[in-house]
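In what follows, a single structure is set out as structure tokens and then discussed.
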Amino acid sequence: MAKIAIVYYSGTGNTYQMARAVEEGAKSAGADVRFRRAAELASDAAIDSNPAWRANTEATRHVEVATPDDLEWADGFIFGTPTRFGLPSSQLKQFIDTCGPKWDAGKLRDKVAGVFGGSITPHGGQEATLLALQNIFYHWGTVIVPVGYTDPSLFAAGGNPYGVSMTDPRGGGAPEEILAACRFQGLRIARYAELVARNLHMLAAPTAKDKTRRAAVDARIKKPTKAKAGKRAR
């Protein structure tokens, strides 16, 4: 059973809905899931300027705030964020910036990772935002598992191969097509995370015994058989 951490930031609730669908998908694969939100950084005045932002803030106060320990615990993690001028939200980025000590200690390597998000308009930076998030995973040494075009639900959701993304429905809530794709993404990440976690020993540095065994095998491969040696003599 994989351990999956879902860390998201949501202003008005769209990314929250997507994150819950990702959670459903991961749990359907039998994963143990930690559902976490990035801490809010905006002022009350800014939040109050948008009724939907205030409503979502109050409705999700019960969701635990993410910590770097959640990523160390996990076999895989999925980050979700709305687009902010083609980049991840500052709230999620601030959380990521606190993970430096975990990265430095090698606690984030060899884990599976994926991303999802959205923007107000179809060309509002959805792909740029997800690609920017994935840059972080290169530094951490995590294994990026994109959704690609691996399931029909992804085409119905718009066909973003980097991760599920949504255009703001303007108050209508996340469409079922998007939520179905998110469930698939959660399922996919959980399956890959379990596969990698079970086989981490194969990624470990070879021991002295492994090197000796490898050298013996190489020697047998290079050593000519009697038949070959005879042909050479003739």
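Take 1353 as the starting number for the sequence shown in my numbering and just add one per residue. The beta-carbon is built from N, C-alpha and C at its ideal position, and this holds for glycine as well.
For PRO1434, there is no enclosing alpha helix (DSSP H); the residue is found in the beta strand (DSSP E) stretching over 1428-1434. With fewer than 16 other Cβ atoms inside 10 Å of its own Cβ, ILE1472 counts as exposed. Here ALA1381 carries a coil assignment [DSSP, helix/strand/coil].
Each residue's CA atom was taken as its position, placing LEU1483 and GLY1365 some 22 Å apart. Every unbroken stretch of the alpha helix (DSSP H) spanning 4 or more residues and falling wholly within the region 1411-1496 is given here in chain order: 1420-1425, 1442-1449, 1452-1456, 1478-1492.
Beta-bridge annotation (DSSP): LYS1355 is paired with ASP1384.
In the structure shown, THR1367 falls within a helical segment according to DSSP collapsed to helix, strand and coil.
Within the same chain, THR1435, GLY1438, SER1471 come within 6 Å of GLY1477 by CB-CB distance, once the 5 residues on both sides are set aside.
Take the alpha-carbon of ALA1381 and the one of THR1564: they are about 40 Å apart. Of the candidates MET1518, GLU1376, LYS1463, the residue whose Cα lies closest to the Cα of LEU1423 is LYS1463. Beta-bridge analysis with DSSP links MET1518 to GLY1470.
Listed as beta-bridge partners of TYR1360 by DSSP are ARG1389, GLY1432.
Considering only SER1442, VAL1374, ASP1427, ARG1386, the residue with the shortest C-alpha distance to GLU1392 is SER1442. Around GLY1510, the same chain offers SER1517 as residues with beta carbons nearer than 7 Å, after the five sequence neighbours per side are excluded. Here the C-alpha atom of GLY1363 lies approximately 9 Å from the C-alpha atom of THR1433. ALA1526 and GLN1369 do touch by the CB rule: their CB atoms are close to 4 Å apart, below 8 Å.
Under the three-state reduction of DSSP output, VAL1499 falls in the coil class, being neither helix nor strand.
Contact fails between the region 1406-1414 and the region 1443-1457, because fewer than three Cβ pairs, one in each stretch, are under 8 Å apart.
Beyond the five residues adjoining it in sequence on each side, LYS1561 comes within less than 7 Å, by CB distance, of no other residue in the same chain.
Residue environment: ARG1566 is assigned as exposed (fewer than 16 neighbouring CB atoms within 10 Å of its CB, all protein chains considered). The beta-carbon distance between THR1409 and PRO1440, rounded to whole angstroms, is 19 Å. This is too long to meet the 8 Å contact definition. For PRO1504, the enclosing alpha helix (DSSP H) covers residues 1504-1508. Going by beta carbons, ALA1426 and ARG1389 fall outside the 8 Å limit. Going by DSSP, LEU1555 is part of no alpha helix (DSSP H) at all; its letter is neither H nor E.
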